[in-house]
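For reference, the structure discussed in these notes is given below.
Residue numbers (my numbering): 156 to 348.
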């Protein structure tokens, strides 16, 4: 953490100066607040969704309906987090027809922009909007479900990884598919609700 105007600020784990609205595939992980296991449980290597988990599952499925540049590929809801692969297409992209996976070149700007330009660029970044909307909508519905208005459902940040080629895409897809089977047990502080 660094000080800014005598206050600590949490550093972002985003790839600095990467345009998160550019076409490509992204591996996303979002954790529940305090890793509470509110989304379900693992039984015999299968995920059994709780009512909160069903809410998250439904909203994940809806992502491509409110963002036309988005293809939702593999995803899984786990007891205290979810994983998904989101592919952003070009602006005139039809997300209902096909998915093309190509090698994604990692473009990092050679010159840093000033803070104002960077903030302006971040506001346009589609991936942040997709995940932010999902977190906001599911949090609201889960708080209604548990009658816990204002309670944080998700950790402030989330993890992302720019998928660089088809081999990596396939490995991550397999990891997501096998996640319930490979579940090692609770890491959080229990259950809410």
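Every residue, glycine too, gets a C-beta built ideally from N, C-alpha and C. Model, not experiment: these values are computed from the prediction.
- Annotated three-state conformation of residue 339 is coil, per DSSP.
- Between residue 234 and residue 192 a beta carbon distance of about 4 Å is seen, short of the 8 Å cut, so the two are scored as contacting.
- Annotation for residue 184: the continuous beta strand (DSSP E) segment containing it runs 179 to 186.
- Residue 208 is positioned such that its CB atom lies no closer than 8 Å to that of residue 335.
- With fewer than three CB-CB distances shorter than 8 Å, the stretch 293 to 308 does not count as touching the stretch 316 to 324.
- The Cβ-Cβ distance between residue 241 and residue 330 does not fall below 8 Å.
- As for any alpha helix (DSSP H) of minimum length 4 sitting wholly inside the stretch 281 to 306, the runs are 281 to 301, ordered along the chain.
- Annotated three-state conformation of residue 226 is strand, per DSSP.
- The beta carbon of residue 290 sits closer than 6 Å to those of 309, all from its chain and outside the five residues before and after it, given in chain order.
- For residue 212, the enclosing alpha helix (DSSP H) begins and ends at 206 to 221.
- Taking all protein chains in view, the Cβ of residue 315 is crowded by 16 or more other Cβ atoms within 10 Å, so the residue is classified as buried.
- Its Cα nearest to that of residue 184, the residue 327 stands out among 327, 339, 221.
- For residue 339, the closest C-alpha among the options 304, 210, 196, 230 is that of 196.
- Beta-bridge pairing by DSSP links residue 312 to no other residue.
- Under DSSP, residue 243 shares a beta bridge with 179, 225.
- In the DSSP assignment, residue 200 falls outside any alpha helix (DSSP H) and carries neither an H nor an E.
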